[in-house]
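For the sequence shown, the residue numbers in my numbering are -11 to 126.
Here a beta-carbon is modelled for each residue, glycine too, at the ideal position from N, C-alpha and C.
This structure is a prediction, so every number in the text was calculated from the model and none was measured.
Here's the structure we're looking at; comments come further down.
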Amino acid sequence: MLSSCSVEEVHCRRRFDEDLKLIPKSYQKGSNAFLLMKQLQAIYREEGKLNDLSSDERLKQRQVVIKPLVVAFFAYLKTMKVFKKDKFGNAVGYALNQEKYLRVFLTDGDIPIDNNASERAIQGFCIGEEELADDRYN
């Protein structure tokens, strides 16, 4: 079962990645955006190790291994003072506002960490629909 809440993880990660790209390469490693992306990568890396587990076992492992990483990620975010109008501040604000939804995958072994697979599966259909709509109006 796919939760609509799992979509938030992808958007959160994308926002930090977009901010990191704005930072000159020589300064990236010392940035908060870099550290947060590393934390997100660790969460995804550990989640990737659970792919072959049953739903129940995946949930147990998420609680033991991944939940502490997610807790640390949000604890770090909550210590930051940011400008809400810049890209990084926007990313931090988004993550904090969506915290409840970003944690949903920790409550059920059947909920994926994100919905990337679903978005890829329907992308062709959506693009086809756009082309049909364009053809109708041209």
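Give me the Cα-Cα distance between residue i and residue j, rounded to the nearest whole angstrom.
{"i": "histidine -1", "j": "alanine 79", "result": "9 Å"}
{"i": "phenylalanine 61", "j": "glutamate 87", "result": "10 Å"}
{"i": "lysine 37", "j": "lysine 73", "result": "37 Å"}
{"i": "isoleucine 31", "j": "isoleucine 54", "result": "6 Å"}
{"i": "alanine 21", "j": "phenylalanine 76", "result": "7 Å"}
{"i": "aspartate 40", "j": "proline 56", "result": "21 Å"}
{"i": "phenylalanine 93", "j": "lysine 48", "result": "12 Å"}
{"i": "glutamine 27", "j": "glutamate 45", "result": "23 Å"}
{"i": "serine 43", "j": "glutamine 29", "result": "22 Å"}
{"i": "threonine 95", "j": "lysine 13", "result": "37 Å"}
{"i": "glycine 81", "j": "serine 19", "result": "17 Å"}
{"i": "methionine 68", "j": "isoleucine 99", "result": "29 Å"}
Could you check whether residue j and residue i sit closer than 9 Å to each other, using their CB atoms as the reference points?
{"i": "glutamate 6", "j": "isoleucine 101", "result": "no"}
{"i": "glycine 97", "j": "arginine 50", "result": "yes"}
{"i": "leucine 8", "j": "glutamine 16", "result": "yes"}
{"i": "valine 58", "j": "leucine 90", "result": "yes"}
Counting C-beta neighbours from all protein chains within 10 Å, is the total for residue i 16 or more, i.e. buried, or is it exposed?
{"i": "leucine 10", "result": "exposed"}
{"i": "arginine 2", "result": "exposed"}
{"i": "glutamate 35", "result": "buried"}
{"i": "phenylalanine 4", "result": "buried"}
{"i": "alanine 63", "result": "exposed"}
{"i": "serine -8", "result": "A caution first: serine -8 carries a pLDDT of 44, below 50, which makes its placement in the model unreliable, though a value can still be read off. With fewer than 16 Cβ atoms within 10 Å of its Cβ, serine -8 is classed as exposed."}
{"i": "phenylalanine 71", "result": "exposed"}
{"i": "valine 52", "result": "exposed"}
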